[in-house]
Each structure stands twice: as C-alpha cells, then as structure tokens.
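In what follows, a structure is listed as structure tokens, so that the remarks can point back to it.
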Amino acid sequence: MEALVISHQKQIGDKMLEGLISGLFKIFTSNMMNIPLIEPLVDYLMQIPLVNLLVALILWRPFFAVIILPGLVGLLIYLLWIVYWERKLTARVQWRVGPIEVARPIRGAIQALADGIRYFFQEAIIHREAHKIYYIQLPILAFIPILLPLLFIPAGNVVGIKTPYGIQLIVAFIALIPLFIVAMGWASHSRFAYIGSLREAFMYFAYEIPFIIAVVAMIYVYGSGDPYVAVEKQNIPGAVLNPLAFIVYIIAMIMATSRLPFEIPEADQEIAFGPFVEYSGILFGLVMTLLYEKLYLMALLFVILFLGGWEGFYVGILGDFCAPLVLFIKTVVVISVLVIVRSVYARYRLDQAIRLGWTSYLTLSIAALILGMFVGVLV
Amino acid sequence: MEENIKFLRSGILAPIKKWGTHWSLWPVHLVTACCGAELAHAFASGYDGERIGALNYGIARQTNLIIVEGAITRKMARVLRITWEQMPDPKFVIIMGTCGLNGGVFWNSYHLVKPFEVVPVNYFIPGCPSTPEALLRGIRQLQNEIRTGEPRSSIEFEKVDLGKGKMMPVTPKSPKKISLAPSIVVNVPRKADEETKKLADEISKLGLATTVTGKNRIALRVEKDELVDAAKKLQNFGFDHVKNVNVIDVPNEDKFIVEYHLGSYSKRELMPVVLNLFTELPRSEPKLKSLAKIFPSADYMEREMHDFFGVVFEGNEWMGRKFLLAPDTPEYPLKKDFKLEEEKYLR
Amino acid sequence: MIRVEKVELNLVESLKRHVEALGEAFKQAIKPDRVTIEYPRERRRYPLSFRGFIIFNSEKCVSCFRCAQICPANAIQMEAHSKPYPSIDYTKCIFCHFCIESCPTGSLNSSKIHDVAFRKMEEMVVSANMMVKLPRILKEEKFTVDVIVKDKYWKLLRKKEMDDLSIPPIKVEVPKKIVTCAEPESCLGCRLCANVCPREAITVKEIEVAKRVVSYVLKVLTEKCVGCGLCVRQCPMNVLKLEVVK
Amino acid sequence: MEYEIKVPVQPPTELQSLFIPIPPEYVEEVYRSEDFLVLVGPQHPGSGHMRLIVRVHGDIIREVIPDPGYVHRCVEKIAENRLYIQNIPLVERPSIMDALNFNLGYVRAIEDALEVEVPKRAKYIRTMLAEICRIGTHLYDAAILAVFLGHTTGFMYPFGIRELICEVLVRITGARFTSSFIIPGGVRRDVDEQTLKFVYETTFAIEKRLKSFERIFIKNPTVIARLKDVGVLTKEEAIKFGVVGPFLRASGVEYDVRKVEPYEAYGELDWDIPVADAGDSYSRFLVRVNEISQSLKIVRQCIKNMPEEKLKDFRGTFFDEFADIVLPQGEFTTLTEASRGTLIYSIVSDGESNVPYRMRMITPGWLYLRGFMESLKGERLADLQAIYGSFGYFPPEADR
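Protein chains in written order, with this note's numbering: chain A, 26 to 404; chain B, 418 to 764; chain C, 1071 to 1316; chain D, 31 to 430.
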C-alpha cells in the first residue's frame, strides 16, 4: 500500500516536473531567437531532452538580452577589450607601445585577463578599521544597479522587459550607482576614502541634472520614452536632431564615469583613488570595473538615443542576432573613441567641475531641452 | 587556512595564478630617492615597462611589487616597512641603485639604513643610478623566478687563476691628510675688484667691520649680542634675504662660528653680493638670537643647523625638536667629535 | 629679458586649444611618433665612452692602490692574489670610473655591461680573478637600436645584430717611472717603504757610520720596481721621488 | 548665526605611531577647531619623498608643515671625510638630473680658491653641458607637474624627450645621469666634432618634439584652468621668503646668477632671462618652458662658437693630479644658477688638509621650501599637487 502511495506520489511529482519542463519549454520556444546561421545545430540539439531546454533558455529572447548580448557576456568581453584598448590607445598617443609581451602575436590583447587573474588570486585585505560587512558586500551589491538597466535595454526584438518607459527606467537605475560608491568610501573608513566619497557626491550633483535634462530633451524629440520609438524615429540620427543634447550627453558620460578631465572622485595623485583606496585583491578588481560598466550602460543608452540604436547593417544569416551585435559594436566603438580623452586632458578641480556643471553645462542642457521641444514638434 | 594557502601555491590553479602574477607585476609608487628618475624613464616612452605587464600604480593595496629606488633613510625605513605590510600577498621587492645596497657613495652616512634589513628582497640591481635596462632586467628576472620557481642572477663571472700570495706587511697610507689642529678663519682677505671694496667701505660706515674675501664676497664679523642689530642695519641697507645659515664647529678653539650669508633681490647693485655676517659662540653654551623674525628665509636653515650642531637659535619656535633628521639619529652628527667609519683599502 | 605674458582664455581661444590638443592626440593615435626601445627584445647601443662594469687586465696591474684610494665609495679594495689586485664591490660601486681614469697603466677598462640583476648581495663582490674576462650576461635581444637624429627628426634605427658588449681598452700614455731616493740623508730607516712595496723592490740596509750613529742606505732594485709610488706616498719624511725612465 | 557644537574630540591615534615632528598638543588643537589633518606622503601617488602635514578647514588649506629629511643622506658630513676630488660624485647625487650644474658649482668653488684658469674650450663645454642638464631638469619637472595633474601624456612626452638628453650625455660623458665630468681645471676629456654635431642636431629634434608637448599639455585649457591664479607668490613675498631661480623670476624679480655674476661662458653668449609678473603656478611653469628655448639657444651658440683647442686628457694621471688638492685657508662661496635656482657652495678650508674642513651646500629646493609652504596657504586641498608640481620640488635635492 505504502509503496503504491509513494509510486503514485512519484508519478504526480514526475508529472508536475514534466509539466513544468514542457511549460517552460513552451515559454522559451514561443519567444526564441531565430538565427539562420546556427539553425542546423539548434535543430539537432533540440531533439536531445533537457539539452533542448538549455538551448531554448539561451535562445529565449529576454534571457539572451540580459545574459548574453548586450548583457553580461557582452559586458565581460567589453571589459577585457576596453581595459586593454584604453591602455593601448593611451600608449599609442604617448609615443610608446603599451602592453604587448604577454601575448606578442595578438599584440598583448590578454593583458587585462592577466591583471584580472592576478587580482583574483591576490590576498584581499580587510583592514582593521573598515566596516567589515559593508566593506565586503558593497562591491558585490553594486552589481544590482548595473544589472537592472540591462533588463530594459532592447536590441531589436531581443529585450528583457518591454516597457514604454524603458529610457526613464534605465536612467533611474544608472543614477543609483554613485550611492554604492559613496557607501564604499564610508565603509572603508579612511581619510582619502572619505574625501573621495564627498567628491563623488558633489560630482553626482554636477552631472546628474544636465544628464537627465539631456535625456528628457531626447524624449521630447521622439515623443516617447520607449526605446523602440526612439530608434524608429531616427531616420536622421539623434545626434543631428539635437546636437546640443548630444554634446551634453557626451560630457555627462565622461563626468559620470570619472574619466579625465573629470576624474575627480578617484584623483590618483590627489587622494589616492578616493573611495577605492583600501580595496585590494578581487574586491578591487570588482570596484575598478564598476565605472567601466557604468560607461557601458550609458554608452548603450547613448547609442539608442543618438546613433540609431540597433539600426545598422542587417545580415540575413544572423537573423535576430544581428540587432544585438550592431548595438554592441556601436557601443564599443563609441567607447573606444571616447577613451582618448584620458590621454588629452588634465584633471579639473572639484569646484571648477561643479561650477561648470551648474552654469554653462546646465544652460547648455536647458538649451538642448528647448531645442528638443521644437524638434519634437517638427519630427 | 593554511591548507587553502598551500592549495593556492601548489594546487591545480597554481599555474594560472603564476601566469597572472608573472605578467602583472605592478610596482607601487614609493619613491625613496633619486633613482626614481631612472624608474620613471623605465616606465616612460623611452623604455615603457608597461610592455612587460608592469604598470606603475598608485598605492600599496592594489600592487604587488616594491621597487626600492635607492637610499632608505632612517625616516623612510618605517614607511617602507608600513608600505610592505600594507601590500597584499604575494609581494616582491626589488632594490635598484647602490644606495639601497650598501650605501654607494653614501656608504658611511649616519642617516641611512640597509633596506634588505627592513624587508625581504628578491633582486638587487647595481648602478648609480641603475639604467632603465637594468631595472627592466630585474623585473624580467623576477618574472622568470615566478614562472620557473628558481631564482637566478642574470650574470655569470668566469674565474681566472691569478695565483695566491700575501698582502704586503704594511697597509698603504690613506691619501687623506687631515690637520690635527686646524685654524679656521672665514674672513681671510683676498684681492677683489674696486666695486666690492667700495661696497665694503659703504657697509663699514654703518659701524660694522668688513673684510673683502673675494669678488662680490664680503665678510662681516660681529659679536654675538650685536647680531640682531647688525642684521636690522643690513636689512635697511638693502639686504633682504638669507641665502645660507652655516655653523662651523672648531673644537680645538672651543667655538662655533655661526654664519649668515645675506643677499639682495631688490637692489640691483647688491644682487651679486654675498655678505657673510658671522659671529662666534662658545661651544659649551651655543645660544644666540634667531634672525628668523627679520629674515623669514633663515627659518628652515636655522632649524637644520639646530639638528646638526645643537646650536640654539632663541626665538625660532622649532628649537628642541628634530626637523630634518629622524628621532633615532645620533645626536648632533655634524659636530667634529662625531666620527664616521673610515675607508678600508684591503679586503 | 623676456616678459612672459599672463594668459587670458576666451571661449574661442579655449575651444581652439581644445581642438588642437584633441587633434594632436588623434594624430598620434593614427600615426604615432613612437620612441620606445623594447628592451628585452632589443638593446640600445651605447657609445664606446659608456661607463659600465669594469674589466681588469692583471698583466698590466702594478698594484699601486690608486684605484682603491680614489674610489669615492670605497668600493674597490685590494685583495691578495699573486700580487694585490683590486676587487670591486658592486654594492657600492657608483660607476664614476675615477679608478679607470686613475690607473696609470690602463689595466682597468670599461665595458658596456650594465643591465644586471643579482639574486644575492654576496654575489656582488667581484674579485680580480672574476673581472679578467667579460662576464656572461643573460641576453634575450635580437636587435640593436641606434638613436639617430636626422634632419631634425629623431629616429630609432633597428639592426638585426647583437651588440658587442666589450669596449676596446684605451691606450694610456703615462711614461714609466721608478722610484729614487732624493735625500738619503733624511732617511729615518723606518722600513715602511720596504714593507709597503708590493714587489719587494726596496731594501734598507743599516750602516754604522760612527759609534751609535746609524745611517741607512735605501736601495731600489730597478728591475723589480714598477713605479707604483706606494713607497713615495708612504714615506713620512718625503725622501722618495718618482722619476721618469727613458 | 553659527551654533557651537560641543562634541568630545579625539585626535586619531595613528598619528602617534608615525614619526611626526609636530607636538601632540598641536594635533589636539587642530581637532578641537573643526579642522582636519591630512598627511600627504611619503607613500602617496602625488607626493615625492617627503611628508606634508596639511591642516585643512573644509577644503581650504590653513597651514602646511613640512616634514623633510626622508632623503637626507648627509652630504655635508660625508664631504668632510673625503678628498676634494672624491666629493664630485657626492655633490651631484642630490639632484641627479641636474648633476652637471651641481658638479659645476662645486668645481668652481675649488677653482675660485686655487685661482685656476680654465681653458676656453672647456668653459664652453661646461656651459653646454650645464644647459643640457637645465633642459633635462625643466622637462623632468614638467613631467612631474603633468602627472600631478593627472595628465599622463604630459608625463610621457618630456620623459621621451629626456631620452635624447640622456643620449647626448652618455655620448659626451659616458653616463646617463651622474657623469662627474667637470673637474677642477677643465673637463675629464674632450668632446669630438661628431658628438658636437649630434648635439647640435638634437637641439632641433627636441624643439620639434616640444611642439607636440606644447599642443597637448602647455596650452591645454584644462592645465591652464588648474594652474592659473593658484599658489600666488607676490614679488614682496617671494623676496621675503627667499625663493630662488625660475620661481623668483615668475614673481617678477629679474635675478639670475648667470646674468648678475656671469660665470663660465655665459657672459659671452647672447640670451635672455624670462620673467613673469603673475607669480602663480602657471607662470612658474611658463617661465621654465621659456627657459628651455633659451637653453637650446645657448647650447647652439656654444657649439657654433666652440674654440679649437686641445684639452688635456687626464687618463692615467688623474690620481696624481687631483688626489692631493689642498685649498688655501679661508672660506670660498660660489653661487651657481642650477636649474631650480641658486645653488650655493661654501667651502671652508684650514689650509693644510686635503679634505674640506666644512662644506656647506645649499640647494635651490631647500631655499624655496619656505616660499612653497607659504604659497599653499589659503588654497584648496586639490591644488596642493598643482602647486607642488609647479615648484618642481625634488626632495633629494632639498634634503641633500
């Protein structure tokens, strides 16, 4: 009797599992990417039980957008590339070679990987006066505001969550990141970290308002906060539609991600990396990439708003994969050009940057807003 | 914990770790002395240390290599140790420059310590300063050591038999001749041009006895108590800053000679002139009034002389405290009774 | 006198300068004026006047101690081999090459070796018998780089060859000298000169001139004397002199 | 209206464990008055080998107390124990990029005492070398200033150009930095025509490269924004605190030892001293930039007017010629215009020993340290590095 009950329960369990799997499978397949290039392979894998679930999951559009491209995997590739490229480009401008000996045939392209591995295996020191729990948690928690915007960034029909307020949500989540940096500075309990946190907070005020106004100006131009509408309306790129907002956005990107000439919160020579002064080992590896990740998010939004988003070339054989790829390539190119400012500019002082932010820069952004309203009426 | 460390050192991931560490030796920014100039060359456009993965980086926490650039003084030794302790494991030390090895030209200095007694050292690089190539060679050797696990010098000397013999019975005399009873006169009159003589006469009219000690050099002797008055007079005359404060220790006459070299920036005709205002003090009670109030430019040099000789400049707020020297330096090292180690010519 | 004017930036001037700076950066990014010598792969060719590790020629050395005594860092100390020969302590050597300049016979010479890393301090004390031959150093290079300036433009010229690190010894033209006694009557007979001589070329004989009056005869074996001058410097009465031999 | 908030203040304990030359009462007083002590250096990316104890009120610097001596290597004491000739390498160590100026000053003091006449060709070679070192030092300082402002390209370019200067020095003297080339009565060896030609060509190459540097750093608006009107020393202040060299000239005083008391070949050449009136960090920097072009001019003139003359080669006789120099009794003071300002050697001799009885060496860094500290007062904390860089403060030079 008991055995029967168990087997019955087991049967019910099996059935439930089966139902779950088939339900999931149905969800995944209903919204699956269509890539002609790998179709034979996908077809083959789909016949293998369980593996087909995995394949379906990977090719499920929301999953693909968040985890693969332009999401996490893309982010990782971008990180390895940009850290290397920034060093290499800077070296090129500076009459030298840059990292090369690590892998000479590919011009040292895996230098960032070597540094990452070194960080990973290095001792992570938590010094005595730090607030231990927050000190360790914050670099990891800081990934939340990095990952959340990825949900709303669309690439063609590959999108995490589709909403007409996508742009506003992305901006809102990006605005969370400085909070974590300030908190890290506080948890570090060090003089320079303290000064650095203050600087970060001040800089936040300097760039955030013009940045939001620039985005709002573009929303006026397109008449909607929906990324799809924005991309659709860009027969002429947004950069031409509202060049003022374009300039404001570029400066905001530089300011928000602490690039020179606005590398004020970190200010290596003044306050020794400010909020990150005490971090070492893998924790420093995490916080060091934080601002690169922020740059990536802002550049994704930048491409969507000003450079026609995923509209570019279309290769039939890539199918749905084409749009994320175009978006990704555009983003990386934008950033790769942008990092040249590191080798051109000296650092502004905090008060100069804030004055700039609240006077000419704010004025420029308001002008961009007014222009955006006019253009919005016309388009 | 120890197991974990052991796993990291020799476990399955050890080769990856070694590879990462070996291509990512980041020296910390700890400039300790003048070899820093060559270090900068090694990491600047000319040699570009970044090629081999070494990126000069800001502070101790994020780096794993200390390059000790030359002399480590008693003051700096503490900082070196603190920096080394702040660095996360695994960490390495390279010493460049002879100052950091056995002192080089400063081998018998009273203010130097040997860095290899402060921190464990992986490689030593000779040279004063070491060339950028030598520094890169040091980093390269360290990379090889991390990769292969066996430390090696990059040079091999070939021995040639030169026979065996004895040193001669008498050690050759040192070339130094040092007078045992030196007589020190700082105002030896020397011939000079007319202008200097005229100027000396003019200054003499202020009621101060001058000697011309060369072209544009005038010496002026005053008594200890008259120093402040004389300085005020000279300030009104046009001398506006102190170029040098000097103390000469003459133990066999039991005196200190305290000199102030005055100059002028505001009067064109006084610009080339260096006026040596000096006075003598008994060695047992080396006290005099400070001139730092009249000439603020003398302030730091008076503090320095207090460090070196123990002369008390009354009125200078820094007296009784060390300024330039570390707290554990021998007392008043520039006095003649403090002797340095002598040279040896035989091994 | 040149008066440096105060800079006033207006918007136009400022923008112009921004463009200039960015333009320079982009120009370099596209066509860099690279000046890097990639050291482990290539080696800069230093001129023959370069001051590097010291090479020693034991045949010419007269053990005159000049190198040891002129050394500002006291890095050279004499070591007993068949004769006293200099040994160099590279933990102290500052490569000023006063020793080479002082050597009257040209037994010390420079080389182009300078890029050396030692593992231990003890290895850095180099005896005379290790300095005779050019030491072997680790070489990884394939190219040699010359710095040339041509038509106001600075270039690096790479050649696929290994640089010879030895420097041909420079001929020293110092006339040979030997020691003579200039004032034999002042001799104290302290025998310092005889004892300090590395070649045992001086003998001092005692002669009784009258009762309790002793005179000393100082004899120099001219064939043994190499004119190192140690005795001249040692003599407390300055009775010895170096004289040029024809 | 301000309310006084009474909070028990506890000065940080870590200050006691460091070697800090200020009394604990001072620390306590600072913390009671709402101020904050920031220790900058010696292990800090934006400081050299010295500690600055900065008392800040908010972001404004109230007072800076220097803590020098981290590179004090006792040159003066050691010099009393060495032969005159052995001191030549010693005196150039404090400032190795400026070695030949330091060397020259010391040798001139000996020559002044011994009244030696120097061959004219040797004088021209010395002048040329001194100016090459001056270019090198100004470039070095520009590079350090750039890196303090976070401008890495501004760091790399001057150091790239310095490679050429090192090449010139190594061809002439045999060493990249510390050449010990100038000796009493001349130079160690003659310079051949080919090298002189190379040096001549190099001056143009340097000029050409400096154009790039000018576009990317000197005229960069961000650099001007950081340096202009920062750390101002008025003419009166500069004189009062005894500032020297280009920093004095930047405050409007026309004082250059090479002009007021010409030595070597400076009296015979055609050149000018740049002077600025503003006294701020940017004019301190620009004065030195202008000096580089003047120095290049001097170098070219030296090579063009170089007299043909055979110089003595000291090889083999170096010891016999120089080991036994004995200076006459007295004190001999020479002023030299080193790159960063007036360099003073004052040698006291007893007339019998062949070592100096006392050698006083005052380096420019030590002389303008006071002015540097005064110029920091009232500025923002972030400007500390800008002012530091604009002074080109090099602690080994100041501490000796």
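The beta-carbon is built from N, C-alpha and C at its ideal position, and this holds for glycine as well.
8 Å Cβ cutoff, residue i in contact with chain D
i       : result
B:N561  : no
B:G463  : yes
C:Y1160 : no
C:L1300 : no
A:E148  : no
Any C-beta of chain A under 8 Å from that of residue i
i       : result
C:V1314 : no
C:A1099 : yes
B:E640  : no
Short CB-CB distance (under 8 Å) between residue i and chain C
i      : result
B:K581 : yes
A:S390 : no
B:N481 : no
D:Y312 : yes
A:W110 : no
Extent of the continuous alpha helix (DSSP H) run through residue i
i      : result
A:Q157 : It is worth fixing the name first, because residue 157 of chain A is Lys in this sequence and not Gln. K157 to L166 is the span of the alpha helix (DSSP H), which, as asked, contains A:K157.
D:V492 : Residue 492 of chain D lies beyond the range of chain D shown here (31 to 430); nothing can be said about it.
B:S570 : Per DSSP, B:S570 belongs to no alpha helix (DSSP H) and is neither H nor E.
D:L144 : A129 to L144
A:F298 : Where A:F298 is concerned, there is no enclosing alpha helix (DSSP H), given that its DSSP letter is neither H nor E.
D:E321 : S311 to K334
D:T203 : Per DSSP, D:T203 belongs to no alpha helix (DSSP H) and is neither H nor E.
Neighbour-count burial assignment, residue i, 16 or more Cβ in a 10 Å radius
i       : result
A:M209  : buried
C:L1118 : exposed
D:L257  : buried
A:I365  : buried
C:M1194 : buried
B:A598  : exposed
A:V402  : exposed
Residue range of the unbroken beta strand (DSSP E) whose run includes residue i
i       : result
B:F673  : K672 to G680
B:R638  : R634 to R638
C:A1280 : I1272 to A1280
D:H503  : Residue 503 of chain D lies beyond the residue range present for chain D, which begins at 31 and ends at 430; the question has no answer from this structure.
C:S1180 : L1178 to S1180
B:F695  : V691 to P699
C:M1232 : From DSSP, C:M1232 is part of no beta strand (DSSP E); its letter is neither H nor E.
Rounded Cβ spacing between residue i and residue j (contact assumed at less than 8 Å)
i       : j       : result
D:A255  : A:Q259  : That pair is no contact at about 36 Å.
B:K710  : B:G732  : 6 Å
D:V68   : D:L399  : About 19 Å; that fails the 8 Å criterion.
C:L1310 : C:G1297 : About 11 Å separates the two Cβ atoms, so there is no contact after all.
D:H181  : A:A371  : 4 Å
A:G250  : A:I178  : Actually they do not touch by this definition, with Cβ atoms about 13 Å apart.
Contact with chain B by residue i, beta-carbon distance below 8 Å
i       : result
D:F189  : yes
A:I142  : yes
C:A1095 : no
**Prompt:** At a cut of 8 Å, does the stretch 422-429 of chain B reach the stretch 533-540 of chain B through at least three beta carbon pairs?
**Reply:** no
So does the stretch 1297-1311 of chain C actually touch the stretch 1276-1285 of chain C, counting three or more Cβ pairs closer than 8 Å? Contact annotation: the stretch 1297-1311 of chain C does not touch the stretch 1276-1285 of chain C, with fewer than three C-beta pairs closer than 8 Å.
Do the stretch 358-365 of chain D and the stretch 570-579 of chain B touch if we need at least three Cβ pairs shorter than 8 Å?
-> no
Decide yes or no for the touch test of the stretch 85-98 of chain D against the stretch 336-349 of chain D: beta carbon pairs closer than 8 Å, at least 3 of them. no
Quick test of the definition: if touching needs 3 or more C-beta pairs under 8 Å, does the stretch 82-92 of chain A touch the stretch 46-61 of chain A?
yes
- prompt: Hey, is the stretch 1129-1139 of chain C in contact with the stretch 307-316 of chain D, meaning 3+ C-beta pairs nearer than 8 Å?
  reply: Too few Cβ pairs lie closer than 8 Å, so no.
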